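Below is one structure, written out as C-alpha coordinates, with a few remarks after it.
The following block contains the structure:
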(Lines of atoms letter the chains of each structure in order from A and count residues from 1; the text may use other names and numbers.)
(Lines give C-alpha, C1' and ligand atoms only; values in the text may rest on other atoms or scores of the structure.)
Protein backbone atom coordinates (compact mmCIF):
# COMPACT_ATOMS: atom_id res chain seq x y z
CA UNK A 1 0.00 0.00 0.00
CA UNK A 2 1.11 3.55 -0.71
CA UNK A 3 0.07 6.78 1.03
CA UNK A 4 0.13 9.91 -1.09
CA UNK A 5 -0.71 13.58 -0.66
CA UNK A 6 -2.18 14.93 -3.95
CA UNK A 7 -0.41 18.29 -4.02
CA UNK A 8 1.89 18.26 -7.04
CA UNK A 9 2.65 16.70 -10.42
CA UNK A 10 4.65 14.02 -8.58
CA UNK A 11 1.47 12.67 -6.98
CA UNK A 12 -0.13 12.22 -10.42
CA UNK A 13 2.94 10.33 -11.64
CA UNK A 14 2.86 8.15 -8.53
CA UNK A 15 -0.86 7.44 -8.98
CA UNK A 16 -0.28 6.43 -12.60
CA UNK A 17 2.51 4.07 -11.51
CA UNK A 18 0.29 2.52 -8.81
CA UNK A 19 -2.58 2.14 -11.28
CA UNK A 20 -0.35 0.29 -13.76
CA UNK A 21 1.15 -1.93 -11.04
CA UNK A 22 -2.20 -2.51 -9.25
CA UNK A 23 -0.87 -1.01 -6.00
CA UNK A 24 -3.44 0.18 -3.49
CA UNK A 25 -3.29 3.85 -2.52
CA UNK A 26 -4.51 5.94 0.39
CA UNK A 27 -4.89 9.57 -0.67
CA UNK A 28 -4.81 11.90 2.30
CA UNK A 29 -6.18 15.42 2.09
CA UNK A 30 -3.32 17.98 2.37
CA UNK A 31 -5.12 19.80 5.18
CA UNK A 32 -5.69 16.51 7.02
CA UNK A 33 -2.00 15.59 6.72
CA UNK A 34 -1.02 19.04 8.01
CA UNK A 35 -3.28 18.64 11.06
CA UNK A 36 -2.04 15.07 11.57
CA UNK A 37 1.56 16.31 11.62
CA UNK A 38 0.62 18.96 14.19
CA UNK A 39 -1.06 16.31 16.34
CA UNK A 40 2.21 14.34 16.29
CA UNK A 41 4.11 17.52 17.28
CA UNK A 42 6.16 17.34 14.09
CA UNK A 43 7.88 20.68 13.57
CA UNK A 44 10.48 19.83 10.93
CA UNK A 45 9.61 19.86 7.23
CA UNK A 46 11.84 17.51 5.23
CA UNK A 47 11.17 14.74 2.72
CA UNK A 48 12.14 12.05 5.24
CA UNK A 49 9.97 13.52 7.99
CA UNK A 50 7.01 13.88 5.60
CA UNK A 51 7.44 10.31 4.35
CA UNK A 52 7.45 8.96 7.92
CA UNK A 53 4.36 11.02 8.79
CA UNK A 54 2.46 9.82 5.69
CA UNK A 55 3.36 6.23 6.53
CA UNK A 56 1.88 6.65 10.01
CA UNK A 57 -1.25 8.22 8.52
CA UNK A 58 -1.60 5.28 6.13
CA UNK A 59 -1.54 2.82 9.03
CA UNK A 60 -4.59 4.56 10.51
CA UNK A 61 -6.50 4.70 7.21
CA UNK A 62 -9.85 2.93 6.97
CA UNK A 63 -10.10 0.00 4.57
CA UNK A 64 -12.72 1.74 2.40
CA UNK A 65 -10.34 4.70 1.95
CA UNK A 66 -7.68 2.53 0.32
CA UNK A 67 -8.06 1.51 -3.31
CA UNK A 68 -6.22 0.96 -6.57
CA UNK A 69 -6.36 4.29 -8.44
CA UNK A 70 -8.24 4.38 -11.72
CA UNK A 71 -6.65 6.80 -14.18
CA UNK A 72 -9.20 8.29 -16.57
CA UNK A 73 -7.46 9.76 -19.62
CA UNK A 74 -10.21 12.31 -20.28
CA UNK A 75 -10.22 13.45 -16.65
CA UNK A 76 -6.45 13.94 -16.74
CA UNK A 77 -6.66 15.87 -20.01
CA UNK A 78 -9.44 18.10 -18.67
CA UNK A 79 -7.42 18.60 -15.49
CA UNK A 80 -4.35 19.72 -17.46
CA UNK A 81 -6.39 22.08 -19.63
CA UNK A 82 -8.22 23.56 -16.64
CA UNK A 83 -4.91 24.15 -14.87
CA UNK A 84 -3.65 25.92 -17.98
CA UNK A 85 -6.87 27.96 -18.11
CA UNK A 86 -6.33 29.04 -14.50
CA UNK A 87 -2.78 30.10 -15.34
CA UNK A 88 -4.01 32.18 -18.29
CA UNK A 89 -6.65 33.90 -16.17
CA UNK A 90 -4.08 34.67 -13.47
CA UNK A 91 -1.68 36.16 -16.02
CA UNK A 92 -4.45 38.22 -17.62
CA UNK A 93 -5.55 39.63 -14.26
CA UNK A 94 -1.95 40.52 -13.37
CA UNK A 95 -1.49 42.26 -16.72
CA UNK A 96 -4.80 44.11 -16.33
CA UNK A 97 -3.78 45.30 -12.87
CA UNK A 98 -0.48 46.55 -14.24
CA UNK A 99 -2.28 48.41 -17.02
CA UNK A 100 -4.65 49.94 -14.47
CA UNK A 101 -1.70 51.34 -12.53
CA UNK A 102 -0.31 52.93 -15.68
CA UNK A 103 -3.58 54.76 -16.37
CA UNK A 104 -2.71 57.15 -13.54
CA UNK A 105 0.83 57.77 -14.80
CA UNK A 106 2.27 59.53 -17.79
CA UNK A 107 3.44 56.32 -19.39
CA UNK A 108 4.06 55.93 -23.09
CA UNK A 109 1.04 54.99 -25.18
CA UNK A 110 3.07 52.21 -26.83
CA UNK A 111 3.47 50.44 -23.48
CA UNK A 112 -0.26 50.67 -22.79
CA UNK A 113 -1.07 49.34 -26.26
CA UNK A 114 1.35 46.45 -25.76
CA UNK A 115 -0.34 45.51 -22.49
CA UNK A 116 -3.80 45.77 -24.09
CA UNK A 117 -2.63 43.41 -26.84
CA UNK A 118 -1.36 40.95 -24.23
CA UNK A 119 -4.71 41.04 -22.43
CA UNK A 120 -6.57 40.30 -25.67
CA UNK A 121 -4.15 37.47 -26.43
CA UNK A 122 -4.80 35.94 -23.01
CA UNK A 123 -8.56 36.15 -23.58
CA UNK A 124 -8.22 34.38 -26.92
CA UNK A 125 -6.10 31.64 -25.37
CA UNK A 126 -8.63 31.24 -22.55
CA UNK A 127 -11.47 30.78 -25.02
CA UNK A 128 -9.40 28.39 -27.13
CA UNK A 129 -8.68 26.30 -24.02
CA UNK A 130 -12.38 26.15 -23.09
CA UNK A 131 -13.24 25.16 -26.67
CA UNK A 132 -10.63 22.40 -26.52
CA UNK A 133 -12.17 21.01 -23.32
CA UNK A 134 -15.63 21.12 -24.90
CA UNK A 135 -14.28 19.15 -27.88
CA UNK A 136 -12.95 16.49 -25.49
CA UNK A 137 -16.34 16.24 -23.79
CA UNK A 138 -18.39 16.09 -27.00
CA UNK A 139 -16.20 13.24 -28.30
CA UNK A 140 -17.61 11.07 -25.51
CA UNK A 141 -21.36 10.56 -26.00
CA UNK A 142 -21.98 9.85 -22.30
CA UNK A 143 -20.06 12.93 -21.17
CA UNK A 144 -21.77 15.04 -23.82
CA UNK A 145 -25.16 14.04 -22.42
CA UNK A 146 -24.09 14.89 -18.88
CA UNK A 147 -22.77 18.24 -20.10
CA UNK A 148 -26.09 19.04 -21.76
CA UNK A 149 -28.02 17.96 -18.66
CA UNK A 150 -26.07 20.28 -16.34
CA UNK A 151 -26.40 23.20 -18.76
CA UNK A 152 -30.19 23.07 -18.41
CA UNK A 153 -29.66 24.81 -15.04
CA UNK A 154 -30.14 28.52 -15.67
CA UNK A 155 -26.97 30.41 -14.85
CA UNK A 156 -24.40 27.73 -15.60
CA UNK A 157 -22.29 28.55 -18.64
CA UNK A 158 -19.48 26.61 -20.27
CA UNK A 159 -16.80 27.29 -17.64
CA UNK A 160 -19.01 26.46 -14.64
CA UNK A 161 -20.35 23.31 -16.33
CA UNK A 162 -16.86 22.12 -17.24
CA UNK A 163 -15.63 22.74 -13.68
CA UNK A 164 -18.54 20.74 -12.25
CA UNK A 165 -18.04 17.85 -14.67
CA UNK A 166 -14.37 17.80 -13.73
CA UNK A 167 -15.32 17.74 -10.03
CA UNK A 168 -17.74 14.82 -10.46
CA UNK A 169 -15.37 12.85 -12.71
CA UNK A 170 -12.39 13.34 -10.44
CA UNK A 171 -14.28 12.20 -7.34
CA UNK A 172 -16.80 9.62 -8.65
CA UNK A 173 -17.32 7.94 -5.26
CA UNK A 174 -17.81 11.12 -3.22
CA UNK A 175 -21.20 11.58 -1.60
CA UNK A 176 -23.11 14.87 -1.48
CA UNK A 177 -21.43 16.10 1.71
CA UNK A 178 -17.96 15.18 0.45
CA UNK A 179 -18.53 16.94 -2.89
CA UNK A 180 -19.46 20.15 -1.05
CA UNK A 181 -16.32 19.76 1.06
CA UNK A 182 -14.12 19.16 -2.00
CA UNK A 183 -15.39 22.46 -3.38
CA UNK A 184 -14.34 24.11 -0.11
CA UNK A 185 -17.90 25.12 0.78
CA UNK A 186 -18.31 23.08 3.97
CA UNK A 187 -18.98 25.18 7.11
CA UNK A 188 -16.39 25.59 9.85
CA UNK A 189 -17.66 26.52 13.30
CA UNK A 190 -15.51 28.27 15.90
CA UNK A 191 -16.97 27.72 19.36
CA UNK A 192 -15.49 26.84 22.73
CA UNK A 193 -17.50 26.59 25.92
CA UNK A 194 -19.87 29.49 26.47
CA UNK A 195 -17.51 32.40 25.85
CA UNK A 196 -16.11 31.78 22.36
CA UNK A 197 -18.73 32.13 19.61
CA UNK A 198 -16.96 32.85 16.35
CA UNK A 199 -18.72 33.31 13.04
CA UNK A 200 -19.31 30.20 10.95
CA UNK A 201 -17.24 30.34 7.77
CA UNK A 202 -16.62 28.10 4.78
CA UNK A 203 -13.44 26.05 4.94
CA UNK A 204 -12.07 27.04 1.48
CA UNK A 205 -10.09 23.80 1.79
CA UNK A 206 -11.15 22.48 -1.61
CA UNK A 207 -9.99 23.50 -5.06
CA UNK A 208 -10.72 27.22 -5.53
CA UNK A 209 -11.27 26.54 -9.25
CA UNK A 210 -14.75 25.24 -8.48
CA UNK A 211 -15.75 28.23 -6.36
CA UNK A 212 -14.41 30.76 -8.85
CA UNK A 213 -16.05 29.04 -11.79
CA UNK A 214 -19.43 28.90 -10.05
CA UNK A 215 -19.48 32.47 -8.77
CA UNK A 216 -20.90 34.12 -11.90
CA UNK A 217 -23.28 31.21 -12.44
CA UNK A 218 -24.57 31.74 -8.91
CA UNK A 219 -25.26 35.42 -9.59
CA UNK A 220 -27.18 34.59 -12.78
CA UNK A 221 -29.12 31.76 -11.11
CA UNK A 222 -30.27 34.11 -8.34
CA UNK A 223 -31.73 36.43 -10.98
CA UNK A 224 -33.26 34.00 -13.46
CA UNK A 225 -33.84 30.66 -11.71
CA UNK A 226 -37.22 30.86 -9.97
CA UNK A 227 -36.40 28.35 -7.22
CA UNK A 228 -33.00 29.90 -6.49
CA UNK A 229 -34.49 33.39 -6.47
CA UNK A 230 -37.19 32.36 -3.97
CA UNK A 231 -34.54 30.66 -1.80
CA UNK A 232 -32.36 33.80 -1.92
CA UNK A 233 -35.27 36.11 -1.05
CA UNK A 234 -36.39 33.86 1.81
CA UNK A 235 -32.95 33.91 3.45
CA UNK A 236 -32.63 37.63 2.81
CA UNK A 237 -35.89 38.22 4.68
CA UNK A 238 -34.42 36.29 7.62
CA UNK A 239 -31.57 38.80 7.76
CA UNK A 240 -28.81 36.55 6.42
CA UNK A 241 -25.74 38.25 4.95
CA UNK A 242 -25.68 38.46 1.14
CA UNK A 243 -22.37 36.60 0.83
CA UNK A 244 -23.62 33.73 2.99
CA UNK A 245 -26.77 33.43 0.88
CA UNK A 246 -24.70 33.35 -2.31
CA UNK A 247 -22.63 30.50 -0.85
CA UNK A 248 -25.83 28.64 0.06
CA UNK A 249 -27.09 29.04 -3.52
CA UNK A 250 -23.74 27.80 -4.82
CA UNK A 251 -24.09 24.67 -2.70
CA UNK A 252 -27.55 24.04 -4.14
CA UNK A 253 -26.21 24.41 -7.68
CA UNK A 254 -23.57 21.76 -6.97
CA UNK A 255 -26.13 19.40 -5.40
CA UNK A 256 -28.54 19.74 -8.33
CA UNK A 257 -25.77 19.51 -10.94
CA UNK A 258 -24.53 16.30 -9.29
CA UNK A 259 -28.05 14.84 -9.46
CA UNK A 260 -28.35 15.73 -13.16
CA UNK A 261 -24.86 14.36 -13.83
CA UNK A 262 -25.86 10.94 -12.50
CA UNK A 263 -29.41 10.85 -13.87
CA UNK A 264 -28.78 12.50 -17.28
CA UNK A 265 -32.01 14.46 -16.83
CA UNK A 266 -32.73 18.10 -17.51
CA UNK A 267 -33.41 20.60 -14.73
CA UNK A 268 -36.96 20.91 -13.41
CA UNK A 269 -38.78 22.21 -10.33
CA UNK A 270 -39.47 18.59 -9.35
CA UNK A 271 -35.76 17.74 -9.35
CA UNK A 272 -35.04 20.86 -7.29
CA UNK A 273 -37.62 19.83 -4.69
CA UNK A 274 -36.38 16.23 -4.64
CA UNK A 275 -32.76 17.16 -3.97
CA UNK A 276 -32.89 20.61 -2.37
CA UNK A 277 -36.43 21.14 -1.14
CA UNK A 278 -35.56 20.50 2.51
CA UNK A 279 -31.95 21.70 2.43
CA UNK A 280 -32.90 25.25 3.34
CA UNK A 281 -34.69 24.05 6.47
CA UNK A 282 -32.12 21.53 7.62
CA UNK A 283 -28.77 22.96 6.55
CA UNK A 284 -26.54 25.52 8.21
CA UNK A 285 -26.04 28.50 5.90
CA UNK A 286 -22.33 29.22 5.89
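In full-length UniProt numbering, the protein residues as written are 1 to 286. For every residue, glycine included, the Cβ atom is placed at its ideal position computed from N, Cα and C. Model, not experiment: these values are computed from the prediction.
Item: Residues near residue 169 by beta carbon distance below 6 Å, same chain, minus five either side; Value: 75
Item: Proximity of residue 150 and residue 143 at Cβ, strictly below 8 Å; Value: no
Item: Outcome for residue 276 when other beta-carbon atoms lying within 10 angstroms are tallied against a minimum of 16; Value: buried
Item: Contiguous beta strand (DSSP E) assignments of at least 3 residues, all confined to the UniProt domain "Transposase IS110-like N-terminal" (5–102); Value: 25–27
Item: Close-in-space but distant-in-sequence residues of the same chain around residue 53 (CB under 8 Å, 5 per side omitted); Value: 33, 36, 37, 40, 42
Item: Between the CA atoms of residue 29 and residue 270 - distance to the nearest angstrom; Value: 35 Å
Item: 8 Å Cβ shell around residue 135 - same chain, five flanking residues per side excluded; Value: none
Item: Three-pair Cβ contact test at 8 Å for the segment 253–261 versus the segment 150–169; Value: yes
Item: 8 Å contact criterion, which residue 92 and residue 119 should meet: CB distance rounded; Value: 6 Å
Item: Limits of the unbroken alpha helix (DSSP H) element including residue 159; Value: 158–170
Item: Three-state secondary structure (DSSP) of residue 108; Value: coil
Item: Stretch pair the segment 209–223 + the segment 245–253: three plus CB contacts closer than 8 Å; Value: yes
Item: Backbone secondary structure at residue 152 - three-state DSSP; Value: coil
Item: Same chain, Cβ closer than 6 Å to residue 272, five either side skipped, listed in chain order; Value: 227
Item: Reference residue 58, options 45, 82, 95, 27, closest by Cα; Value: 27
Item: Outcome for residue 51 when other beta-carbon atoms lying within 10 angstroms are tallied against a minimum of 16; Value: exposed
Item: Beta-carbon contacts of residue 209 that lie in its chain and below 7 Å, excluding the five residues immediately before and after; Value: 82, 86, 163
Item: Closest by C-alpha distance to residue 2, when choosing among 96, 16, 23; Value: 23
Item: Assigned exposure category for residue 161 - 16 Cβ within 10 Å defines buried; Value: buried
Item: Contact under 8 Å by Cβ, residue 79 with residue 166; Value: yes
Item: Of the listed residues 70, 111, 145, nearest to residue 172 (C-alpha basis); Value: 70
Item: Boundaries (first-last residue) of the alpha helix (DSSP H) holding residue 275; Value: 269–276
Item: Cβ-based burial, residue 44 [other Cβ within 10 Å; buried from 16]; Value: exposed
Item: Inter-residue Cα distance where the pair is residue 175 and residue 94; Value: 37 Å
Item: Supposed close pair residue 152, residue 266 - CB separation, criterion 8 Å; Value: 4 Å
Item: Residues that residue 3 bridges to, as DSSP identifies them; Value: 26
Item: Residue 131 - DSSP class collapsed to helix/strand/coil; Value: helix
Item: Cβ-based burial, residue 18 [other Cβ within 10 Å; buried from 16]; Value: buried
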